[in-house]
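All remarks here apply to the structure that follows.
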Amino acid sequence: MLVPDKMHEFDLGVWKALLVHIVRILETLPANKVREFNSRFRQMPTFGRDKIRRFARNVSELSRMAARDYEDILLCIIPCLEGLLPTEDEKSILDLLYIMNYWNALASLRVHTSSTVRILDDLTTELGKALRYFADVTCSHFETRETEKELGKRKRAEARRAATATASGVAGESLAPATASRGRRPKTFSLGMIKLHFLGDYTEAIRQYGSLEHFSTKTGELEHRVVKKRRARTGNVNFVPQLVKAETRERVHDRMHEELSALSEKGTDDSIRKSTGATVGSDPGVDTKDLREHHHIAADESGERLYLASWLTANGKDPAFQSFMRKLREHLLARLENYNHASDPPAYNDLQLAQVVIQNDRVFPHATLAVNYTTYDIRRDQDLIHVPAVSGRPPDDDFLGHRDVMVYNTSDIRPHPFAYARVLKVFHARISHPTLSPEPRRVEFLWVRWFSLIDHGQSGPTKMRLERLQYLDGPSAFGFVDPSEVIRGCHLMPVFHRGRTRELLGPSLYRDSSEGDWASYYVGRFVDRDMMMRYLGVGIGHLNPPTFPHELNANITVDDSPGCVDRAEEEHELDSLCSVDSDQPVDTDDEQ
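full-length UniProt numbering puts the first residue of the sequence shown at 1, with every later residue one more than the last.
And the structure:
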């Protein structure tokens with residue numbers, strides 16, 4: 001069977017070609033545009049263990065990049081590009097990038113349903129329209145030329161050909177083209193690449209053979225890292241026997257891990273489970289003791305502790321600490337009363353709050369919260385939430401901590417399914433109450449800064465825009481969350497072109513940086529497969545109730561009528577695409 005190869009056809013094919021041409025467009029604009037483009041990528045927060053990595057210093061150069069790097073750029077390019085392009089062309093390019101993100105996420109799913117395949121089929125048609133509009137209309141507004149990298153590559157190739165010709169004794173007349181081709185040649189975006197035509201076969205391949213992950217070439221490509229890692233541990237002299245020994249040791253360790261995991265799962269030796277933390281199906285890199293738990297916070301109380309009276313006194317002028325104790329007691333009392341949504345507790349009077357006793361008036365801070373969740377394809381995964389050390393100020397950028405989480409939205413004001421918060425501290429404390437809990441009990445809680453959704457009606461698939469957030473202003477900006485209410489971590493990307501602001505919060509340790517807060521953030525809804533399926537609302541493993549909002553009917557429609565120009569004189573093989581009615585799916589078999 002001949003199946004699609006998404007990594008080479010899309011990541012290193014269609015998307016790479018589009019990205020290169022976007023860089024060419026930026027180079028036709030003032031020089032500061034390319035510098036700003038690179039600067040924004042350097043400021044982009046990372047996410048997960050390896051989902052979004054730190055970007056290179058010069059992304060526009062596109063040097064020494066693997067397929068995963070191009071995919072990371074696709075996931076983060078919208079806020080990095082927004083505001084750099086002419087207004088009349090920016091909308092169509094951002095629409096195209098949104099569709100490519102959506103298409104990439106759907107095509108990468110490990111488990112498909114009839115609904116996801118139908119959406120992918122429709123989206124493939126809209127992607128074709130958007131690409132035609134980009135090639136026919138948008139690109140005509142710019143006189144693009146080769147990038148510096150392309151120019152250097154061409155000159156090196158010409159030099160090699162000239163050297164070969166000289167060695168072969170070819171007449172000097174044959175060398176004239178090589179010497180005359182100095183300077184950057186005009187370059188256009190071509191729809192004639194065969195890899196673009198293959199995208200129309202993806203949905204049919206999924207229907208016949210299953211998920212593209214079953215036959216992905218990434219599996220073989222990733223094995224290169226295994227051999228390279230082993231080679232780095234050898235002495236580089238007579239290394240073959242050393243590689244054999246390393247492979248044997250790893251195989252023995254893997255077998256030992258499987259045996260210990262089996263014992264742990266059966267419960268025959270609980271001490272092994274406690275010492276190794278291994279469970280069936282767990283990743284050796286996962287830090288939690290048991291993936292069946294919703295979350296994990298260290299139980300140790302021998303480390304750093306905060307005495308609330310002295311800590312609040314030392315930070316009394318910080319606006320983030322206003323009403324800290326009252327909000328904390330309200331949250332704890334709601335937890336003791338088993339209130340459904342303790343992050344939004346009911347109103348209590350002072351007498352009720354005074355009955356909540358925090359043992360020794362102290363709390364225990366932690367640097368890490370591990371949140372375990374069931375993915376759309378019924379697997380267990382984990383997000384690690386990192387917060388700064390208590391003794392130091394928060395970092396000036398988001399590289400030092402993954403602190404953003406999402407919870408279910410309990411407000412009826414906006415129909416959006418999720419609420420978002422940035423975790424400032426992870427605590428546990430010993431709490432007692434005269435009637436609800438006479439004996440002190442351990443209670444875990446998160447101190448957070450809330451975000452509010454803005455422009456709700458102007459985001460989502462129908463608008464082809466990411467959800468935009470900003471920090472909540474006013475007395476409700478800070479609060480507390482039960483860790484068990486956290487769904488998972490989320491990736492929030494600064495809206496760079498809107499800049500920073502100091503109006504949302506006065507001088508505080510909990511601003512984004514000393515320069516102020518980012519004015520707004522985009523939600524990375526396509527950061528991984530599971531995140532996309534949470535917004536789509538049909539993830540099998542998410543167990544959403546029937547009333548949970550979904551986007552099955554949120555259709556993307558691209559108006560490509562200006563792009564359907566007559567290509568007869570060009571004898572372009574994509575004539576058939578432009579002649580098809582925009583409301584009908586394209587027959588990709590006829591195209592090819």
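For every residue, glycine included, the Cβ atom is placed at its ideal position computed from N, Cα and C.
Note that the structure is a prediction, hence the values are computed from the model and not measured.
As computed with DSSP, Thr368 is found in a beta bridge with His386.
Bridge partners of Trp450 according to DSSP: Ala421. By alpha-carbon distance to Phe198, the top candidate from Tyr471, Ile25 and Asp11 is Asp11. Between the C-alpha atoms of Ser452 and Arg335 there is a straight-line separation of about 24 Å. Here Leu84 is not near Phe55, since their CB atoms are 9 Å or more apart. Exposure of Asp300 is indicated by the presence of fewer than 16 other C-beta atoms within 10 angstroms of its C-beta. When the Cα atoms are used, Tyr339 and Ala519 turn out to be separated by approximately 33 Å. Counting along the chain, Pro79 sits inside the alpha helix (DSSP H) bounded by residues Ala67 to Leu81. The C-beta of Leu351 has fewer than 16 other C-beta atoms within 10 Å across all chains shown, which makes the residue exposed. Exclusion of the five residues before and after Asp318 leaves Ser508 and Leu509 as the residues of its chain whose Cβ lies within less than 7 Å of its Cβ. Sequence-distant Cβ neighbours of Lys425 in its own chain, meaning closer than 8 Å and more than five residues away, are Pro365, Val387, Val390, Leu446 and Trp447. Ranked by Cα distance from Glu221, the options Leu472, Ile99 and Met7 are led by Met7. Boundaries of the alpha helix (DSSP H) harbouring Phe198: Ile194 to Phe198, taken from the DSSP string.
About 38 Å separates the CB atoms of Ile431 and Ile540; that is not less than 8 Å, and the two are not in contact. In this structure, DSSP gives Pro241 a helical state, which the three-state scheme calls helix. Residues Val538 and Leu552 of the same chain have their beta carbon placed closer than 7 Å to that of Ser115, with the five preceding and five following residues left out of the count. Judged by DSSP secondary structure, Gln352 falls within the alpha helix (DSSP H) whose first and last residues are Asp350 to Ala354. Short of 8 Å from the beta carbon of Leu243, and not among the five residues preceding or following it, lie these beta carbons of its own chain, in chain order: Val227, Arg230, Arg231 and Thr234.
The bridge partners DSSP lists for Ser437 are His433. By the criterion of a C-beta distance shorter than 8 Å, Glu143 is surrounded in its chain by Thr28 and Pro186, once the five residues flanking it on both sides are discounted. One alpha carbon belongs to Gln208, the other to Gly13, and they sit about 24 Å apart. Annotation for Ala135: Phe189 and Leu191 place their beta carbon closer than 7 Å to its own, counting only its chain and skipping 5 residues before and after. Sixteen is the threshold: when 16 or more other Cβ atoms of the shown chains lie within 10 Å of the Cβ of Asp517, as they do, the residue is buried. Closest option to Asp290, judged by alpha-carbon separation, among Leu306, Lys218, Gln382 and Glu204: Gln382. Contact between Trp103 and Thr124 is confirmed by a C-beta separation of about 7 Å, below the 8 Å threshold. Beta-bridge pairing by DSSP links Pro186 to Arg145. When rounded, the separation of the alpha-carbon atoms in Glu88 and Asp50 is 36 Å. In the three-state reduction of the DSSP assignment, Asp381 falls in the strand class. If you look at Leu536, you'll find it in the alpha helix (DSSP H) that goes Arg529 to Leu536.
By the CB criterion at 9 Å, Arg362 and Arg305 fall inside the cutoff. Here Val558 carries a coil assignment [DSSP, helix/strand/coil]. Residue range Arg468 to Tyr471 is occupied by the beta strand (DSSP E) that includes Leu469. Counting every other CB atom within 10 Å of its CB across the protein chains shown gives Asp482 a total of 16 or more, marking it as buried.
Classified as buried, Ile77 has 16 or more neighbouring CB atoms from the shown chains inside 10 Å of its CB. Annotation for Lys33: Leu26 and Leu84 place their beta carbon closer than 6 Å to its own, counting only its chain and skipping 5 residues before and after.
Taking a C-beta distance under 9 Å as the contact criterion, Leu492 and Tyr522 qualify as a contact pair.
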